[in-house]
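A quick write-up on the structure given underneath.
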Amino acid sequence: MCSRKGLVEVHDTGSKVRGTANRAYRSTLRAARSVAAHTRTVAPRARALAAHTGALAAHTRTTAARAHAHGRAAVHRARRRWRAASPQQRLTVRFTAASTALGLVAALLAVAAAGPWDSGQRTAERVRAARQERGSGADHTPGTPGRPSGPPAAPQVLAPAGPVPEQDAGEGGPQGSGRGGSGPEQMPPPTASALADTLEPLIEDGSLGAVRHASVVDAVTGRRLFSRDARAVSAPASTIKLATAVAALTARGGTYRIATRAVREDDRVTLVGGGDPTLTEKDLTALAARTARALDEGDTHPVRLRYDTSRYTGTERHVIGPNENLARVTPLMVEEGRTDGSDHGPAPRAADPAREAADVFADALEDEGVTVEGAPRERTAGKRATELAVHRSAPLGALVERMLTHSDNDLAEALARQTALAAGEPAGFRGAGRAVRHTLDRLGLPLKGARFADGSGLDRADRVSPELLTRLLTLAADPDRPELRTVLTGLPVARFTGTLGSRYGGERGEPGAGLVRAKTGTLTGVNTLAGTVVDADGRMLAFAFLTTGATARDAAQQSLDRLASALANCGCRDSPSAG
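With full-length UniProt numbering applied, the sequence shown corresponds to residues 1 to 579, in that order.
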């Protein structure tokens, strides 16, 4: 039996428990209500976030699928290029890879041995630089002597020659060089005797070789100012590209664009090359997409792919044979047949550039959902074929600028063949040479002894005279021939662009930096330079120096650069007689 006191204690304890439970219940209820209210506020945001996450996931899946497709296409292209490469090229790739690995190991060892680094600079170098800065006050800001701030603008150097026409489209070469000139009337031209006094000692430099021909003329009036066997012909190397450029612009016009077409006849789709060496993989992919859309408008049956190179005739191989300076000359190629990803300069080339382009096009069609049966084959498109899609190059004026700035041999041969096609000649080496000569002859240019064995200057059988080259330049400066102006604007700028970008850096060459614009020419034993320069009085001169027999290329080029720099630094007029 429980005592009364025990019952009271039990009752009191139960009351406390009930009170605690009630308080906990009310607290929990308040918390639950608060959470419910917050949940009602957050729920729409959560639903929106979930929807966004779903969309992001879908986009990620789509992007991954595209990346996989592009990766697969890249692997296919890499395999094709590897198969197209010669055994020597494959050996070179393997050797390069091994050399790179060894080089990285050596570099890591060198870095470890060089001492501690701080923010990307070795600590010892930072300390030494700080000491030099305090002691010498050296300044390398723009405008410091020996540190050119950039080439002058084209309107300055071309002011004596009239306005520069705007390009229709496309990427052109650099647009600048020269000291401003206010026109040919402001100052008289250099005198022949004073100019001879300046140039004769320089042209006698033995490093130029035994054969030295030269011509300097006033670019505006055409008046001859200096001559050393100016009418004698010799190998011009790449300066012959001036003739190629003038002929192509005259025959086709600066706004002409080279077309690459996809046509269809029955179940055959044919990729027809038009002679555009600047065609890129991206261009072919876009052409394939347009072709696929055109095919979808008809039926979805599998197609057989053909490629047509009949636009050109004769041999595809230049007389120099397989060479990194020039691919096989064919009207259908991608990236100029380059297999290393470069866009100018020497490079390994595909063994069959046309087949390479067709393979790229076939893969792009497959990526667009078109079933291509079998491998591409070379066939001429039928007369009943209908056009599906077309890609057009940059305007011919822009192609001329690119050719001259980078001395692009593939473009030079293509432009020579465009001249042949415009003239109705066979588009091969011989037909192009005849067409270029005929076009220049109609312009009244001096062609005695001239020979155009190719468009690039790689053939040692080419022959031109300094007089012809300076006449080509003055013709391009003629205000009445604005269609030729890209011959001038495409010339490399001394020390800044193209093949002159690494020249005119020495103390004796600096007077010509930024003022000389010239086409270079180099073969073994042959060194040439032809272009324009603004002299000390603001007059634009055209010059051409052709030399043969040099044994040291670098020394010969430096001598040529000194000749052009002397023109830039010279007013070259006779002093008035005393008394």
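Backbone N, C-alpha and C define an ideal beta-carbon position, used for all residues, glycine too.
When you compare the CB positions of residue i and residue j, do they come within less than 8 Å of one another, or not?
i	j	result
G531	L473	yes
E368	A288	yes
L541	L567	yes
S215	S234	no
A544	G514	no
N325	N409	yes
A210	G549	yes
P492	T313	no
L332	T309	yes
S559	S207	yes
G538	A237	no
P277	E336	yes
L305	L388	no
F452	A243	yes
G457	T239	yes
L396	R402	no
L404	K519	yes
T339	H406	no
V487	A245	yes
T250	T439	yes
Leaving aside the five residues before and after residue i along the sequence, list all residues of the same chain whose C-beta is less than 6 Å from its C-beta, in chain order.
i	result
R224	V217
Q418	A248 and R252
T380	D308 and S310
H391	T260, D283 and L287
I258	G274, G275, D276 and S393
G579	The predicted model places G579 with a pLDDT of 33, which falls under 50 and marks its position as unreliable, so this point remains unresolved.
T470	S215, V217, A542 and A544
T270	V263, R306, D308 and A381
Report the three-state DSSP secondary structure of residue i (helix, strand or coil).
i	result
residue 582	Only positions 1 to 579 of the chain appear in the structure, and residue 582 is not among them; the question remains open.
L415	helix
R402	helix
R434	helix
S407	coil
D359	helix
E366	helix
V246	helix
C572	coil
R231	coil
R212	strand
S445	Reading off the sequence, residue 445 comes out as Leu, not Ser. Correct three-state label for L445: coil.
R223	coil
R252	helix
Using a Cβ-Cβ cutoff of less than 8 Å, which residues in the same chain neighbour residue i once the five nearest sequence positions on both sides are dropped?
i	result
E366	V372
A292	L365, E368, G369 and V370
E171	For E171, the predicted model reports a pLDDT of 34, less than 50, meaning its position is unreliable; a value from the coordinates is still stated below. Counting only Cβ-Cβ distances below 8 Å, and skipping sequence neighbours, we find A394, A398 and R402.
Please go through the same chain and pick out, in chain order, the residues whose beta-carbon is closer than 7 Å to the beta-carbon of residue i, but skip the five residues on each side of it.
i	result
L284	V334, A357, V360, F361 and A364
A232	H213 and S465
P188	R573
D561	R503, Y504, G509 and G512
A556	S207, L208, G209, N527, T547 and A550
P322	none
N569	P511 and A536
T280	V334 and E335
Just to confirm the assignment, what range does the alpha helix (DSSP H) spanning residue i have?
i	result
S565	R553 to A568
S193	A192 to I203
Hey, could you find the ends of the beta strand (DSSP E) residue i is sitting in?
i	result
V390	T386 to R392
A219	Unbroken run through A219: none, as it is neither H nor E.
A375	V372 to E378
Would you check whether the ligand GDP has a heavy atom nearer than 7 Å to the C-beta of residue i?
i	result
L445	Inclusion of the ligand GDP in the displayed structure is not the case, the ligand content being empty and no account of it being possible.
Please report whether the beta-carbon of residue i lies at a distance below 8 Å from any beta-carbon of chain C.
i	result
D308	The chain inventory of the structure shown lacks chain C, comprising one protein chain alone.
Item to check | Inside the stretch 455-534 only - beta strand (DSSP E) runs reaching at least 3 residues | outcome: Entirely contained in the stretch 455-534, the beta strand (DSSP E) runs reaching 3 residues are, in chain order, 516-523 and 526-534.
Checklist entry - Going along the chain, which unbroken runs of the alpha helix (DSSP H) with 4 or more residues stay wholly within the stretch 255-343? => result Listed in chain order, they are 281-296.
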